[in-house]
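Novice: Chains as they are written, first to last, in the working numbering: chain A, 1 to 163; chain H, 1001 to 1391.
Note that CB positions come from ideal geometry on N, CA and C, so glycine has one too.
Let me begin by handing over the structure; questions about it come next.
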């Protein structure tokens, strides 16, 4: 168990180093208890997005997010790529103007375990997204998050009518 | 600045720590090991490690492997993620054929690469690029197959038509499938021939020998975004008169604008048809399925849902020694299990599910292999490359 904690600490240092060297935003390594920490620390509703470098529709989704008013809702964005590709993932997020500070990338743990920790019902298809409210999963979506769906989630998260 | 220095030192020490665990050019430490038995029962495995592909062999069914031989003399980046991995097949005169997808500049771009060894895997000439359009675009997810008489087939997902259509300002959903064949043991390949437009762009293509042709199965895009499978018998691409006849192979009605990263598998049974294994999350059918495709009547028969649980993935099917084997992964919340069902009557009745291996570690896709009247599975689980006979 100690080894796991040590390994987590070292991975965090690795990504900090990778990010700092390029002046990019930090992507934290995502472990099987990370979502629990994210949900318990986020009192406000948030949208969780899962994407990967090898998923063409994910780029469309990131583009939609990047062009939207990102102050309307909080985003937690998780890349399911190997952590060795952290710099590539960061570059894509920067290129698409993704402003969230809550960025993650899958750690070296079994991908199945990490997927299961997010949602045991998710079969791994990407992009996959969730709306979290009151620390709980309120809704999910498989496939590209359309502008319409995004709008409805923002409305739900804020409980306000957006024209 | 001091903090940055400390971070650098600690990060470097982590790399040293990681290296000591597994960072050598070996089948268990390399990426995406892919193996095949030759007719003498020798196991050949190809894998990727830091810009080079390597070949290694085993005389004792995977207990130990030979010192790896470098396949590409010049370093190149290779796709080893998701459904991309190098491929290996053995020719009738023990030629060793290897293919892979090289990463080229830009997003999702690649070239299909091929090389062969005619001296028992000792040397490989410089690889050649098989896609012949000269475009910097997506040519990826290649599959390598050989017909009974030794015709080599390479089939892949290709975005040249997407590029051409977009240049006209029009939309093009998904990608296309192209293939090329070689009649001269890989010395030369035919020009590229298109199989179909509008296929899913991120799932492997399954192939199997079929008489002197091959059968290919892939995730297609039907209507706007229905990602069910199609199947076709491919004849040598040189015979341009032959139109490819394409059949709907699965009817799950999976409408999704996403990347499943989850291709099918297929295995030749007899002249009547092929066994199929696939994944879907459609409205008609969810999870992992089996069916037999009757190539005489072009119809799907004996369809069965093998495991509909969300943790079930990456099914493999193999027909060998009059028996059909169906293998898949299942994550139970704690570990990933390899599960197996078998059928003695061409897929009508299936055995109970047996767990044949399990790991809590990160793991690769599993594979079924036949070798000298026996059937094996291979699986990279953590840093162990498992090769086991299925009894």
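1. Whose C-beta lies closer than 6 Å to the C-beta of residue 1279 (chain H) among residues of the same chain, with five residues either side of it excluded?
2. Using a Cβ-Cβ cut-off of 8 Å, state whether residue 1292 (chain H) counts as contacting chain A.
3. What is the residue span of the beta strand (DSSP E) that residue 1215 (chain H) lies within?
4. Tell me the rounded alpha-carbon separation between residue 1172 (chain H) and residue 1062 (chain H).
5. Can you tell me whether residue 1048 (chain H) is helix, strand or coil according to DSSP?
6. What's the call for residue 1045 (chain H), buried or exposed, on a 16-neighbour Cβ count within 10 Å?
7. With 8 Å set as the bound, which would you pick, yes or no: does the beta-carbon of residue 70 (chain A) sit closer than that to a beta-carbon of chain H?
8. Quick check on DSSP: helix, strand or coil for residue 1187 (chain H)?
9. I'd like to check one pair, residue 1259 (chain H) with residue 126 (chain A): are the Cβ atoms closer than 8 Å?
10. Give the straight-line distance between the Cα atoms of residue 1227 (chain H) and residue 1221 (chain H), rounded to the nearest whole angstrom.
11. Who are the near neighbours of residue 1246 (chain H) in its chain, counting only those whose CB is closer than 7 Å to its CB and skipping five residues on each side?
12. Taking the straight line between their C-alpha atoms, what separation do you get for residue 90 (chain A) and residue 27 (chain A)?
13. Taking the C-alpha atoms as reference points, what is the distance between residue 129 (chain A) and residue 114 (chain A)?
14. Which whole-angstrom value describes the C-beta separation of residue 1098 (chain H) and residue 1112 (chain H), a residue pair presumed to lie in contact below a C-beta threshold of 8 Å?
15. Taking only beta carbons into account, state which residues of the region 104-127 of chain A come closer than 9 Å to chain H, listed in chain order.
16. Taking residue 1101 (chain H) and residue 1078 (chain H) to be in contact with their CB atoms under 8 Å, please state how far apart those CB atoms are, rounded to whole angstroms.
17. In chain order, what residues of the same chain have a beta carbon less than 8 Å from the beta carbon of residue 1225 (chain H), not counting five sequence neighbours either side?
18. Name, going along the chain, the residues of the region 1325-1337 of chain H whose beta-carbon falls closer than 7 Å to a beta-carbon of chain A.
19. May I ask you to verify whether the region 1309-1322 of chain H touches the region 1267-1275 of chain H, counting CB pairs closer than 8 Å and requiring at least 3?
20. So residue 1262 (chain H) contacts chain A; which residues on that side make the cut at Cβ distance below 9 Å?
21. As a quick exercise: from H:1128, H:1391, H:1367, H:1383, pick the residue whose alpha carbon is nearest that of residue 1036 (chain H).
22. Return the chain-ordered ranges of every beta strand (DSSP E) run that is complete within the region 1127-1213 of chain H and spans a minimum of 3 residues.
23. In the DSSP assignment, find the unbroken alpha helix (DSSP H) run with residue 135 (chain A) in it and report its ends.
24. Could you tell me if the beta carbon of residue 1275 (chain H) falls within a distance shorter than 7 Å of some heavy atom in the ligand SAH?
25. For a cutoff of 8 Å on Cβ pairs, would you count residue 143 (chain A) as touching chain H?
26. Consider the Cβ of residue 1425 (chain H): report whether some Cβ of chain A lies at a distance smaller than 8 Å.
27. Measuring CA to CA, which of A:48, A:144, A:52 is closest to residue 86 (chain A)?
28. May I ask you to list the residues that DSSP assigns as paired with residue 1088 (chain H)?
29. Where does residue 1284 (chain H) fall in DSSP's three states?
30. Does chain H have any CB closer than 8 Å to the CB of residue 45 (chain A)?
31. Give the straight-line distance between the Cα atoms of residue 1060 (chain H) and residue 1042 (chain H), rounded to the nearest whole angstrom.
32. Near residue 1072 (chain H), what residues of its chain come up, given a Cβ to Cβ distance below 7 Å and the 5 sequence neighbours on each side ignored?
33. Name the residues in the region 52-79 of chain A whose C-beta lies less than 9 Å from a C-beta of chain H; which are they?
34. For the beta strand (DSSP E) that contains residue 1391 (chain H), what are its first and last residues?
35. Just to confirm, are residue 1382 (chain H) and residue 1361 (chain H) a CB contact at a threshold of 8 Å?
Specialist: Walking through what the data contain:
1. Its chain contains 1262, 1288 as the residues whose beta carbon lies nearer than 6 Å to that of residue 1279 (chain H), once the 5 sequence neighbours on both sides are disregarded; these appear in chain order.
2. Taking 8 Å as the CB threshold, residue 1292 (chain H) stays off the interface with chain A.
3. Looking at the DSSP string, the run of the beta strand (DSSP E) that includes residue 1215 (chain H) is 1213-1219.
4. Residue 1172 (chain H) and residue 1062 (chain H) have their alpha carbons spaced roughly 45 Å apart.
5. DSSP places residue 1048 (chain H) in strand when its eight states are reduced to three.
6. Classification of residue 1045 (chain H): buried, given that the 10 Å Cβ count is 16 or more.
7. Closer than 8 Å: no.
8. In the structure shown, residue 1187 (chain H) adopts coil according to DSSP, grouped into three states.
9. Going by C-beta atoms, residue 126 (chain A) is nearer than 8 Å to residue 1259 (chain H).
10. Between residue 1227 (chain H) and residue 1221 (chain H), the alpha-carbon positions lie close to 5 Å from each other.
11. Non-local beta-carbon contacts of residue 1246 (chain H) in its own chain, meaning distances under 7 Å to residues more than five positions away in sequence, involve 1196, 1230, 1232 in chain order.
12. Per the coordinates, the alpha-carbon of residue 90 (chain A) lies some 7 Å from the alpha-carbon of residue 27 (chain A).
13. Their Cα atoms are separated by approximately 15 Å.
14. Not confirmed; about 12 Å, so no contact.
15. Those residues of the region 104-127 of chain A that come within reach of chain H (Cβ to Cβ, closer than 9 Å) are 108, 109, 110, 111, 112, 113, 115, 116, 119, 120, 121, 122, 123, 124, 125, 126, 127.
16. With 8 Å as the limit, residue 1101 (chain H) and residue 1078 (chain H) qualify as a contact, their Cβ atoms being about 7 Å apart.
17. Leaving aside the five residues that flank residue 1225 (chain H) on each side, the residues in its chain whose CB is nearer than 8 Å to its CB run, in chain order, 1173, 1255, 1256, 1257.
18. Across the region 1325-1337 of chain H, CB contacts with chain A closer than 7 Å involve 1331, 1333, 1336, in sequence order along the chain.
19. Yes, the region 1309-1322 of chain H is in contact with the region 1267-1275 of chain H.
20. Neighbours of residue 1262 (chain H) on chain A, chain order: 123, 124, 125.
21. Of the candidates H:1128, H:1391, H:1367, H:1383, H:1367 places its Cα closest to the Cα of residue 1036 (chain H).
22. Secondary structure within the region 1127-1213 of chain H: the beta strand (DSSP E) runs of 3 or more consecutive residues, fully enclosed, are 1139-1146, 1152-1158, 1175-1182, 1193-1199, 1206-1210 (chain order).
23. Segment: none, residue 135 (chain A) is in no alpha helix (DSSP H) and carries neither H nor E.
24. This structure does not include the ligand SAH; it has no bound ligands of any sort.
25. At least one chain H Cβ lies under 8 Å of residue 143 (chain A).
26. Coverage of chain H is limited to positions 1001 through 1391, which leaves residue 1425 (chain H) absent and any answer about it impossible.
27. When only C-alpha atoms are compared, the closest one is A:52.
28. DSSP lists H:1098 as the bridge partner or partners of residue 1088 (chain H).
29. Here residue 1284 (chain H) sits in coil by DSSP.
30. For residue 45 (chain A), the nearest beta carbon of chain H is not closer than 8 Å to its own beta carbon.
31. Taking the straight line from one Cα to the other gives about 8 Å.
32. Here the set comprises 1052, 1053, 1127.
33. Within the region 52-79 of chain A, the residues whose Cβ lies closer than 9 Å to some Cβ of chain H are 52, 53, 54, 55, 56, 57, 58, 59, 60, listed in chain order.
34. No beta strand (DSSP E) contains residue 1391 (chain H), which DSSP labels as neither H nor E.
35. Yes; because the gap between Cβ atoms is below 8 Å, this pair is in contact.
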